[in-house]
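Protein chains in written order, with full-length UniProt numbering: chain A, 1 to 187; chain B, 1 to 187. Everything on this sheet refers to the single structure shown next.
Protein chains: 2
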Amino acid sequence: MDQATAEERLLDAADTLFYERGVQAVGMDAIRQASGVSLKRAYQLFPSKEHLVEAVLRRRDRAVLAGLQAYTSARATPAARILAVFDYLDDWFRQPDFRGCAFINSYAELGGVSEGVAALVRGHKRAFTAHLAALVAAAGEPPALADQLAILANGAMVTAAVTGSPEPARQAADVARRLLEPAQGVT
Amino acid sequence: MDQATAEERLLDAADTLFYERGVQAVGMDAIRQASGVSLKRAYQLFPSKEHLVEAVLRRRDRAVLAGLQAYTSARATPAARILAVFDYLDDWFRQPDFRGCAFINSYAELGGVSEGVAALVRGHKRAFTAHLAALVAAAGEPPALADQLAILANGAMVTAAVTGSPEPARQAADVARRLLEPAQGVT
DNA sequence: CAGTCGGGAGAACGATCGTTCTCCGGCTGC
DNA sequence: GCAGCCGGAGAACGATCGTTCTCCCGACTG
Chain A
1 MDQATAEERL LDAADTLFYE RGVQAVGMDA IRQASGVSLK RAYQLFPSKE
51 HLVEAVLRRR DRAVLAGLQA YTSARATPAA RILAVFDYLD DWFRQPDFRG
101 CAFINSYAEL GGVSEGVAAL VRGHKRAFTA HLAALVAAAG EPPALADQLA
151 ILANGAMVTA AVTGSPEPAR QAADVARRLL EPAQGVT
Chain B
1 MDQATAEERL LDAADTLFYE RGVQAVGMDA IRQASGVSLK RAYQLFPSKE
51 HLVEAVLRRR DRAVLAGLQA YTSARATPAA RILAVFDYLD DWFRQPDFRG
101 CAFINSYAEL GGVSEGVAAL VRGHKRAFTA HLAALVAAAG EPPALADQLA
151 ILANGAMVTA AVTGSPEPAR QAADVARRLL EPAQGVT
């Protein structure tokens with residue numbers, strides 16, 4: 001097994017286990033067993049568990065944003081691209097191993113004790129909101145809508161995780177549709 | 001020190017430390033030191049750390065819902081009572097030690113490995129949504145609004161925690177105000 | 001006032017964790 | 001074919017954790 005596939009297998013195993021059980025509940029030996037990569041090799045690829053945790057988050061950050069990009073850019077109109085975000089959530093929430101947003105979970109578990117993890121989570125959510133802001137700007141909607149949609153999306157993630165139901169995706173999409181209607185109060 | 005105050009001091013110290021650093025990052029000895037209650041006494045009040053964690057969550061559940069009740073019932077009109085939820089969040093987010101919702105954090109950290117914690121978090125969020133549902137019903141709004149407000153509130157909590165800003169409370173309130181306007185599409 | 005009992009301080013214990021080291025087998029270059 | 005080395009398996013190590021035990025002081029009861 002060459003170095004690249006060992007690294008990939010390690011990241012795959014660590015990602016799955018961390019997401020399922022949380023970071024602190026997973027020992028390095030469980031990652032070794034799940035990945036098939038020896039501890040010695042693991043430690044020469046990632047000098048500590050914290051490095052591995054951060055590498056997992058960095059890879060997931062890229063994957064999530066790429067997936068979201070693919071989902072939204074497939075739609076025809078700017079408004080449809082905004083609503084596609086919630087279709088993306090709906091698909092995600094229906095996956096049987098869904099257990100919330102790995103970044104929110106990591107922040108909750110480690111944000112208070114690991115500045116590295118906290119910074120990565122902040123960066124991911126900032127990038128997520130920036131993606132929404134680009135969609136909002138392309139749709140000619142007011143910039144304030146981006147933060148509102150981000151709150152909706154994050155809220156749907158945690159609510160779906162806690163309740164174990166995919167319903168929040170549809171409920172958040174309903175709200176988003178209301179926000180895309182022309183405003184009433186101001187004329 | 002009698003039994004009741006020992007229990008209260010334990011719960012106070014454990015609550016503060018768990019909230020600051022997470023549950024697994026806090027050892028029983030740190031709780032002993034912060035509370036001034038001996039380990040022996042602690043273990044005859046709570047037979048294990050897991051019991052203590054669950055007792056902390058149960059007490060916080062009561063406190064949060066009572067605080068919310070006080071906040072919302074102080075307003076005059078049904079619509080104002082709904083919007084008061086977001087004033088409550090705004091006050092909360094501005095507290096210097098704010099680090100997100102303890103229930104969401106606990107679920108993220110332990111929901112995958114402790115069924116007791118997961119059940120308590122589900123119960124708290126269900127009660128929170130039920131409170132919103134009561135306000136929504138009293139305002140004569142459609143029942144679907146309650147779940148939408150819950151998503152908004154939960155989203156504001158995690159977004160405020162990750163970004164470290166109280167802004168999400170106001171942004172979520174803006175969305176809630178839009179939802180309280182009469183709907184447009186359906187006439 | 002003497003004896004008993006509850007509680008405090010902290011050591012002790014077994015388990016587990018992150019990390020490193022040892023030993024050994026198999027592949028590579030001459 | 002053989003010496004040298006890289007990597008795997010797993011033991012070892014020190015730290016820390018949850019939990020229990022020991023020792024001792026101080027207070028209450030007859």
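Beta carbons are placed, not taken as given, at the ideal position from N, Cα and C, and that holds for glycine.
message: Rounded to whole angstroms, what is the Cα-Cα separation between residue 229 (chain A) and Tyr71 (chain A)?
response: Since the first residue of chain A shown is 1 and the last is 187, residue 229 (chain A) is not available in this structure.
- request: State yes or no: is the C-beta of Asp147 (chain B) within less than 8 angstroms of the C-beta of Gln33 (chain A)?
  value: no
- prompt: Which chain A residues are close to Tyr107 (chain B), counting only those with a beta carbon under 9 angstroms from its beta carbon?
  reply: Gly100, Asn105, Ala108, Val158, Ala161, Val162
message: Run through chain B and tell me which residues come within less than 7 angstroms of Ala172 (chain A), C-beta to C-beta.
response: Those within 7 angstroms of Ala172 (chain A) in chain B are Ile151.
- request: Give a yes or no on whether the C-beta atoms belonging to Ile104 (chain A) and Val158 (chain B) are separated by under 8 angstroms.
  value: yes
task: Could you check the C-alpha separation between Leu110 (chain A) and Gln184 (chain A) for me, to the nearest Å?
output: 43 angstroms
- prompt: In terms of residues, what are the limits of the alpha helix (DSSP H) holding Arg170 (chain B)?
  reply: 167-180
query: Nearest CA to the CA of Val37 (chain A): which residue from A:Lys49, A:Glu8, A:Leu68, A:Ile151?
result: Relative to Val37 (chain A), the option among A:Lys49, A:Glu8, A:Leu68, A:Ile151 whose CA is nearest is A:Glu8.
message: I'd like to know if Gln95 (chain B) contacts chain A, where contact means its C-beta is closer than 8 angstroms to some C-beta of that chain.
response: no
Environment of Arg60 (chain B) [buried if 16+ CB atoms lie within 10 Å]: By the neighbour-count rule (16 or more Cβ atoms within 10 Å), Arg60 (chain B) is buried.
message: Along the chain, where does the alpha helix (DSSP H) containing Phe86 (chain B) start, and where does it finish?
response: 78-93
Where the alpha helix (DSSP H) containing Val162 (chain B) begins and where it ends: Unbroken alpha helix (DSSP H) run through Val162 (chain B): 144-163.
- request: Grab the span of the alpha helix (DSSP H) containing Glu7 (chain A) for me, first residue to last.
  value: 3-21
field: Classification of Asp29 (chain A) by the beta-carbon crowding that lies within 10 angstroms, buried from 16 upward
entry: exposed
query: Would the beta-carbon of Ile151 (chain B) fall within 8 angstroms of that of Gly155 (chain A)?
result: yes
query: Ala139 (chain B) versus chain A: which residues are under 9 angstroms apart at the beta carbon?
result: Within chain A, no residue comes near Ala139 (chain B); the closest Cβ sits about 17 angstroms away, beyond 9 angstroms.
- prompt: How about Lys125 (chain A): is its C-beta nearer than 8 angstroms to some C-beta of chain B?
  reply: yes
task: Drop a sphere of 10 angstroms on the beta-carbon of Arg126 (chain B), count the other beta-carbons inside from all chains shown, and report buried for 16 or more, exposed for fewer.
output: Residue burial annotation: Arg126 (chain B) is exposed, with fewer than 16 other C-beta atoms found within 10 angstroms of its C-beta.
task: Kindly give me the distance between the Cβ atoms of Leu52 (chain A) and Leu120 (chain A), rounded to whole angstroms, as I take these residues to be in contact under 8 angstroms.
output: That pair is no contact at about 13 angstroms.
field: Endpoints, the alpha helix (DSSP H) within which Gly100 (chain B) is located
entry: It is not in any alpha helix (DSSP H) - Gly100 (chain B) carries neither H nor E in the DSSP assignment.
- request: Could you spell out the range, first to last residue, of the alpha helix (DSSP H) harbouring Glu115 (chain A)?
  value: 115-138
message: Quick check on the burial criterion: 16 or more other C-beta atoms within 10 angstroms. Buried or exposed for Thr5 (chain A)?
response: exposed
- prompt: Nearest CA to the CA of Val113 (chain A): which residue from B:Val136, B:Val26, B:Val117?
  reply: B:Val26
message: Less than 7 angstroms between C-beta atoms, sequence neighbours within five positions excluded: which residues of the same chain meet that for Val23 (chain B)?
response: Val53, Ser106, Glu109, Leu110
- prompt: Residues in the region 13-46 of chain B with C-beta within 7 angstroms of chain A's C-beta atoms, listed in sequence order?
  reply: The residues in question are Glu20, Arg21, Gly22, Gln24, Ala25.
message: Using a Cβ-Cβ distance cut-off of 8 angstroms, determine whether Gly112 (chain A) contacts chain B.
response: Interface annotation, Gly112 (chain A): in contact with chain B, CB-CB separation under 8 angstroms.
query: What three-state label does DSSP hand Gly67 (chain A) in the structure shown?
result: Looking at Gly67 (chain A) - three-state DSSP - the assignment turns out to be helix.
query: So does Ala119 (chain A) have its beta carbon nearer than 7 angstroms to some heavy atom of the ligand ATP?
result: Of ligands this structure carries none, so the ligand ATP is not represented either.
Given Ala173 (chain B) as reference, the closest of A:Ala144, A:Ser165, A:Ala173 once Cα atoms are compared: A:Ala144
task: Using beta-carbon positions only, say whether Ala160 (chain A) and Pro168 (chain A) come within less than 8 angstroms of one another.
output: yes
- request: Taking Ser35 (chain B) as part of the alpha helix (DSSP H), name the residues at either end of that continuous run.
  value: 28-35
task: Alpha carbon to alpha carbon, how far is Asp2 (chain A) from Val136 (chain A)? Give it in angstroms, no decimals.
output: 44 angstroms
- prompt: Arg122 (chain A) CB to nearest chain B CB: under 8 angstroms?
  reply: yes
- request: Show which residues of chain A have a CB atom less than 8 angstroms away from the CB atom of Leu179 (chain B).
  value: Val175, Arg178
query: Can you name, in chain order, every residue of its own chain whose Cβ lies under 6 angstroms from the Cβ of Arg75 (chain A), other than the five neighbours on each side?
result: Correct list, in chain order: Arg81, Ala84.
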